[in-house]
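Just below is one structure, and these are the notes that go with it.
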DNA sequence: GCGCACTGTCGATGCGTATCGACAACTTCC
DNA sequence: GGAAGTTGTCGATACGCATCGACAGTGCGC
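Written out as structure tokens, the structure is:
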């Protein structure tokens, strides 16, 4: 193993000088700097992470706590992880992955063993037992998702209330006086994730404003059979010009399919608005009018906040809960106003 | 921060005794051990990871290198990651995630900075530029996937040749004399992943044995439109009792759907064998006869080998390439023998 | 009663880095 | 021309733990 002492010997300087060249925390003459950098390159020196963490009290690692419930909506997870890893690397940090079946133990381990400088927690339930534990750690924590009580922790999430509002606005403006919301998967509802309620609240508020009725079909497993049942029920309830909202991202495609199977064409016979990523909305035929759910934006913002919290010099963000505004994009599954 | 010295003070012993209690590398009297353990609990002591790594030359971290190409077949990735994380935790290790867009640099960083004790690499291409770099590291590396030249590294993968054989065997035995293979997604083919060829080789061999013809429809993007095109072509080529093989896991459902859309019912009109996980094969209606592709088995085996490589005392596995045997499960999409 | 092996504990040291204080060599300014 | 500041480098130390050698204390056999 090559150490900074080896570099020092080759460059003809002391070990501390090598350290200062790398950190830039003291001024070094151009000539010395060059000699050191040359030696570093020649020896392909890389600092030892453990030693550095020990001496500097910083690990350059971000802990990422995710839940891998088998069968859960893990499909949407990867873009989050990818974005988080990318942002971390951009700041010369790495990502340590902790699966949440460890529960709070994973959190205390991350902080107690000094495995990381900060923690990102995903998949937050409304009344999440890990929140108080997370709040008591001595490292900054950011939540992706909003619990009922964040205990002073910073949170980032999509503004689901706004998403509900946007979807209902769009349908009501197009003349639908009857709107059916096809709800979330049973396990999401059961786990009491906050966004279910938040979306519904926004949708209800918008419906009130427009004076239209909202009916809820729920819960819906995101598969063929579930979608077919839901569509049957939705069509039975709605009359002419039914407006359908699917805030359950993985169910959007199956619902679309189930409608087509029955000869009901969204954009001709009914309107369909999905809550999903733009990419998946564009991929299907016909392209789905959607309220965007962009994991990358949310993750990016979360990492911004996290690094600001880590930066001792900078001032910290005051707003605890930050909601990312979604965007409605009109595509081929919604009817125009009559 | 609580240190082992604090524990020692509370327990009335020396710091080294605390260390020996934790590691068990020297015998400690029952009474002393209890005092130390009590002190540890009372102070909720956890060892500092950096200091431990520095002193012991072991990080207790496994590096996981995965590719997050946007749009790639990342769906199947999570079970791998989850299993790897679980196996690591079972041996008191953590997982450091490195996304492969860093290329070889990620590997040299993991090893050079002593960030981890061993590395798992996924998504291996036939002629993968990272292989020689990985082989030159001073930490054990295991590949999930088989390159053309593994440069002495251990590999684990599904036995795709056997999978091809099993699928064709099944169809030929059921009396199909014309078998259509609906191939992989364009990006997989383009990236030259080994298993495409391996599967085909096995399928061809079995077809030869049985004296049946094989036709290839390829490449097929795993979506509605791609599946429809592929099915149209497959049905045009095959005659009565067409046997269809879909070795492209994410395309299995769309292909099934496309068949049903045309009124062609697998299990009644044609036979369909998919290469996919048992879970997804069972989830659809009708349930798909499949050759199992179990990421969990592969990952588990990979981690077994990795920990054996890490265990200095134990002997190392001699076989470099280890192929996990797939299993065919007959379900509702295949015709019985006439 | 004496040597001997064994058990349980301690003090000292080193792992590789960051950082603090010291200090020599220069500059600048009255 | 001397005081005061600035720049660039070094030596020493601390970070928290694992591990090695040393060494009291104990039980054993002869």
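Protein chains in written order, with UniProt numbering: chain A, 1 to 338; chain B, 1 to 338.
Beta carbons: idealized from backbone N, C-alpha and C, even for Gly.
Since this is a predicted model, take the numbers as computed values, not measurements.
Can you check whether the C-beta of residue i is within less than 8 Å of a C-beta belonging to chain A?
i, result
"residue 46/B", "yes"
"residue 130/B", "no"
"residue 127/B", "no"
"residue 95/B", "yes"
"residue 137/B", "no"
Got a sec: does the ligand GDP put a non-hydrogen atom nearer than 7 Å to the Cβ of residue i?
i, result
"residue 173/A", "Absent from the structure shown: the ligand GDP. Ligands present: none."
If I measure Cβ to Cβ from residue i and keep anything under 8 Å in the same chain, skipping five residues before and after, which residues do I get?
i, result
"residue 316/B", "308 and 309"
"residue 201/B", "161 and 164"
"residue 112/A", "none"
"residue 336/A", "174"
"residue 138/A", "111"
"residue 207/A", "168, 172, 179, 213 and 214"
Starting from the beta carbon of residue i, find every residue of chain A whose beta carbon is closer than 7 Å, and list them in chain order.
i, result
"residue 208/B", "Neighbours of residue 208/B on chain A: none; closest Cβ ~37 Å, over 7 Å."
"residue 82/B", "68 and 99"
Closer than 8 Å by beta-carbon distance: list the chain A residues that pair up with residue i, in chain order.
i, result
"residue 50/B", "49, 50, 51, 52, 53, 54, 59 and 114"
Can you give me the Cβ contacts of residue i inside the same chain, cut-off strictly under 7 Å, excluding the 5 residues immediately before and after it?
i, result
"residue 284/A", "253 and 256"
"residue 338/A", "175"
"residue 298/B", "144, 156, 157, 158 and 324"
On the three-state DSSP scale, how would you describe residue i?
i, result
"residue 133/A", "helix"
"residue 145/A", "coil"
"residue 304/B", "helix"
"residue 194/B", "helix"
"residue 90/A", "helix"
"residue 244/B", "strand"
"residue 79/B", "helix"
"residue 274/B", "strand"
"residue 178/B", "strand"
"residue 208/B", "helix"
"residue 102/B", "helix"
"residue 295/A", "helix"
"residue 22/A", "helix"
"residue 140/B", "coil"
"residue 215/A", "strand"
"residue 118/B", "strand"
"residue 97/A", "strand"
"residue 323/A", "strand"
"residue 317/A", "coil"
"residue 63/B", "strand"
"residue 266/A", "strand"
By the criterion of Cβ-Cβ separation under 9 Å, what are the contact partners of residue i in chain A?
i, result
"residue 224/B", "253, 257, 283, 284 and 285"
8 Å is my cut-off, CB to CB: does residue i come that close to chain B?
i, result
"residue 333/A", "no"
"residue 86/A", "yes"
"residue 78/A", "yes"
"residue 109/A", "yes"
Skipping 5 residues on each side, what residues in its chain have a beta carbon closer than 6 Å to that of residue i?
i, result
"residue 177/A", "212"
"residue 68/B", "99"
"residue 33/B", "21"
"residue 210/A", "172"
"residue 306/A", "118 and 142"
>> I want to know whether the segment 144-152 of chain A touches the segment 113-129 of chain A - three or more CB-CB distances under 8 Å.
In response: Using a Cβ-Cβ distance cut-off of 8 Å, the segment 144-152 of chain A and the segment 113-129 of chain A are in contact, since at least three pairs of beta carbons, one from each stretch, lie closer than that value.
> Touching or not, the segment 89-98 of chain B and the segment 54-63 of chain B, by the rule of three or more beta carbon pairs under 8 Å?
Replying inline: Yes: the two stretches touch, three or more of their Cβ pairs being nearer than 8 Å.
> Are the segment 320-333 of chain A and the segment 9-25 of chain B touching, with three or more C-beta to C-beta distances below 8 Å?
Replying inline: Taking 8 Å as the limit for Cβ pairs, the verdict is that the segment 9-25 of chain B does not touch the segment 320-333 of chain A.
> Would you call the segment 216-231 of chain A and the segment 269-285 of chain B touching, i.e. three or more CB-CB distances under 8 Å?
Replying inline: Using a C-beta cut-off of 8 Å, the segment 216-231 of chain A makes contact with the segment 269-285 of chain B, since at least three inter-stretch Cβ pairs fall below that distance.
> Is it a yes or a no for the segment 75-87 of chain A touching the segment 288-296 of chain A, going by three-plus beta-carbon pairs under 8 Å?
Replying inline: With the rule of 3 Cβ pairs closer than 8 Å, the segment 75-87 of chain A counts as touching the segment 288-296 of chain A.
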